[in-house]
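S.K.: Numbering (my numbering), first residue to last: 687 to 957.
We treat Cβ as the ideally placed atom computed from N, Cα and C, and that holds for glycine.
Since this is a predicted model, take the numbers as computed values, not measurements.
Got a structure for you, written out below as structure tokens; questions coming shortly.
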């Protein structure tokens, strides 16, 4: 099947970003990107330390963030902008106010039980811009039950398309991660691809290869895979979006639309 133009562009950009240029040229590229995008490098290495633009994108924190030990506090999994949040009603959530979609279509056939479990619960959308820290962490201690890589397009996940393109999250490539917490409550995290996001990496599943030639969803299950709150579980190569869904009466969000959040920042309470 012929690749969508968004996937072709993202592949080409990924090749450029992964190329290691001569040191003087790489310094110009890195510093140019930092200045152009307005990156705050306070918690990271000097831009000269990164051998490729992709390594700058996927930079790790050099200053550790404090993770609360309170089991009743949910933390932000990422540095991001909250583009929307709210209650899941009749199986519907919102990519942005006024633009609803069906969560069972987003999750896919392998997660229909999870779609039912989170109906009536909460959703929250976290948009990572190209200037943000691109690694993602667990917002809560969770047991990973399964993950599904669903191929798709790589439209930009920006405000113009969020406002005007129906089912943007459903059309785009994504990785759906189904989890439960220690009480057995269901949570689902969805990593949404976007233009120039060559890859979405999962540390616990090396078989997932996004922006590749696969045409059908690939599903993976796990027996006893627990990850702790704050634990790294992967990264975007460029910015994109994480969607978080929780079962009814488990999570009380303390968020605001268009709020900027940081990884490890409290975002609500667990009942």
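For the structure I just gave you, are there three or more beta carbon pairs, one from the region 799–808 and one from the region 739–748, closer than 8 Å?
M.R.: Flag = no, the region 799–808 and the region 739–748 do not touch.
S.K.: What number of angstroms, rounded off, separates the C-alpha of residue 736 from the C-alpha of residue 922?
M.R.: Taking the straight line joining both Cα atoms gives about 16 Å.
S.K.: Taking 8 Å as the limit between beta carbons, can you name the residues of its chain near residue 752, skipping five residues before and five after?
M.R.: The answer, listed in chain order, is 950.
S.K.: Report all residues from its chain with a CB closer than 7 Å to the CB of residue 888; omit the five preceding and five following residues, and keep chain order.
M.R.: Result list for residue 888: 833, 861, 894, 919, 920, in chain order.
S.K.: With a Cβ-Cβ cutoff of 9 Å, do residue 835 and residue 917 count as a contact?
M.R.: No.
S.K.: Could you check where the alpha helix (DSSP H) with residue 719 kicks off and where it finishes?
M.R.: Element bounds for residue 719: 709–723.
S.K.: Looking at the unbroken beta strand (DSSP E) that takes in residue 804, where does it start and where does it end?
M.R.: Here residue 804 belongs to no beta strand (DSSP E); instead the alpha helix (DSSP H) covers 798–804.
S.K.: Just curious, the beta strand (DSSP E) that residue 811 is in, first and last residue?
M.R.: 808–813 is the span of the beta strand (DSSP E), which, as asked, contains residue 811.
S.K.: Just confirm the distance between the C-beta atoms of residue 937 and residue 807, as a whole number of angstroms; I'd bet it's less than 8 Å.
M.R.: So it is a contact: roughly 7 Å between Cβ atoms.
S.K.: Using the beta-carbon count (16 or more within 10 Å), is residue 885 buried or exposed?
M.R.: So residue 885 ends up on the buried side.
S.K.: For the beta strand (DSSP E) containing residue 1030, list its first residue and its last residue.
M.R.: Nothing can be reported for residue 1030, as the shown portion of the chain is limited to 687 through 957.
S.K.: Within the same chain, show all residues whose beta-carbon is closer than 6 Å to that of residue 842, passing over the 5 residues directly before and after it, in chain order.
M.R.: Counting only Cβ-Cβ distances below 6 Å, and skipping sequence neighbours, we find 880, 881.
S.K.: To the nearest angstrom, how far is the alpha carbon of residue 680 from that of residue 773?
M.R.: As shown, the chain starts at 687 and ends at 957. That puts residue 680 outside it, with no answer to give.
S.K.: Among 818, 771, 779, which one has its Cα closest to the Cα of residue 728?
M.R.: Among 818, 771, 779, the Cα nearest to that of residue 728 belongs to 818.
S.K.: Got a sec, what are the start and stop residues for the alpha helix (DSSP H) residue 848 sits in?
M.R.: Taken as a continuous stretch (DSSP letters only), the alpha helix (DSSP H) holding residue 848 covers 845–850.
S.K.: Distance, Cα to Cα, residue 910 vs residue 867?
M.R.: Rounded to the nearest angstrom, the two C-alpha atoms are 12 Å apart.
S.K.: Whole angstroms are fine: how far does the CA of residue 927 sit from the CA of residue 792?
M.R.: Approximately 13 Å between the Cα atoms of the pair.
S.K.: Give the straight-line distance between the Cα atoms of residue 849 and residue 769, rounded to the nearest whole angstrom.
M.R.: Near 11 Å, if we compare the C-alpha coordinates of residue 769 and residue 849.
S.K.: Is the CB-CB distance between residue 767 and residue 719 below 9 Å?
M.R.: No, they are not a contact pair.
S.K.: Spatial neighbours of residue 865 within its chain, please: C-beta separation below 8 Å, excluding the five flanking residues on both sides.
M.R.: Correct list, in chain order: 828, 829, 830, 831, 872, 873, 874, 875.
S.K.: Using the Cα positions of residue 954 and residue 948, report the straight-line distance between them to the nearest angstrom.
M.R.: Cα-Cα distance, rounded: 13 Å.
S.K.: Determine the DSSP secondary structure at residue 978, reduced to helix, strand or coil.
M.R.: The chain is shown only over 687 to 957; residue 978 falls outside these bounds and no answer can be derived.
S.K.: Mapping the DSSP letters down to three states, classify residue 877 as helix, strand or coil.
M.R.: Of the three classes helix, strand and coil, the one that applies to residue 877 here is strand, per DSSP.
S.K.: Can you list, in chain order, the residues of its chain with a C-beta nearer than 6 Å to that of residue 805? Leave out the 5 residues immediately preceding and following it.
M.R.: Excluding residues within five positions, the ones whose Cβ falls inside 6 Å are 774, 777.
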